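K.L.:
In the working numbering, the protein residues as written are 1 to 261.
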């Protein structure tokens, strides 16, 4: 499940906490031959909450994420009111299937909407306490991958997909390489994915070629590299000497090779 108590980006501290929402699954995917996947949103707070759900096209250009409006995958319903303790089902529906043996990437954006002043009182409840500052509105960003016919994602077993569709599936894999791009005192780790599936990178670190020492880059989630794309992250100067890039890629430990000069 996914829970958040802060939105993306910089926000002023709230006078009172935003509604604690739980969202699952955190890694939804639409398999080849399927048309939709369920996304659940649960309100674990004590007040009603309104949410807006959007699905953005996700690409990577010049080393950064790009998000664009699109109509191939839509949420239903796009706006929902969720009572305290209640759950809301949102269906993410692929109106246009991905091409065979391919993966399309999207980001599902869930925004908590501001409640109208006096909403609780108009519903017959007590008047809400006056806000003493800026109320925090929460944003959740969830990756969504859609697969074409005959394709299995890197974290989806071909056997499971075959059971769903009644036919064999070809697993798609990431194929990563790395390089360092330096400009004066600024250093960037550039990862290229020449494969046909995304790479989810966690627990990323430098490892000396002789395995004598290891330097953490990011012990949690570093990010994603989409197929056929490059993604870059600014970081301190790497340690001296021959290095290996160690990471968990789509949940599996890996040593990422350095790109050829």
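The C-beta atom is built at its ideal place from N, Cα and C for all residues, glycine as well.
Quick caveat: nothing in here was measured; it's all calculated off a predicted structure.
(1) I need the straight-line Cα distance from residue 219 to residue 248, nearest angstrom please.
(2) Can you check whether the CB of residue 179 is closer than 8 Å to the CB of residue 258?
(3) May I have the straight-line CA-CA distance separating residue 30 from residue 62, to the nearest angstrom?
(4) Indicate whether residue 35 and residue 93 have their beta-carbon atoms separated by less than 8 Å.
(5) Name the residue from 222, 255, 47 whose alpha carbon lies nearest to the alpha carbon of residue 84.
(6) Reducing DSSP to helix, strand and coil, say where residue 156 ends up.
(7) Assuming contact is defined by CB atoms lying nearer than 8 Å, are residue 175 and residue 153 in contact in what I supplied?
(8) Express the C-alpha separation of residue 253 and residue 205 in angstroms, rounding to a whole number.
(9) According to DSSP, is residue 27 part of a helix, a strand, or is it coil?
(10) Do residue 144 and residue 52 count as a contact pair if the criterion is CB distance below 8 Å?
(11) Could you tell me the alpha carbon to alpha carbon distance between residue 50 and residue 168, rounded to whole angstroms?
P.N.:
Looking at the coordinates:
(1) 10 Å
(2) yes
(3) 27 Å
(4) yes
(5) 47
(6) coil
(7) no
(8) 11 Å
(9) coil
(10) no
(11) 42 Å
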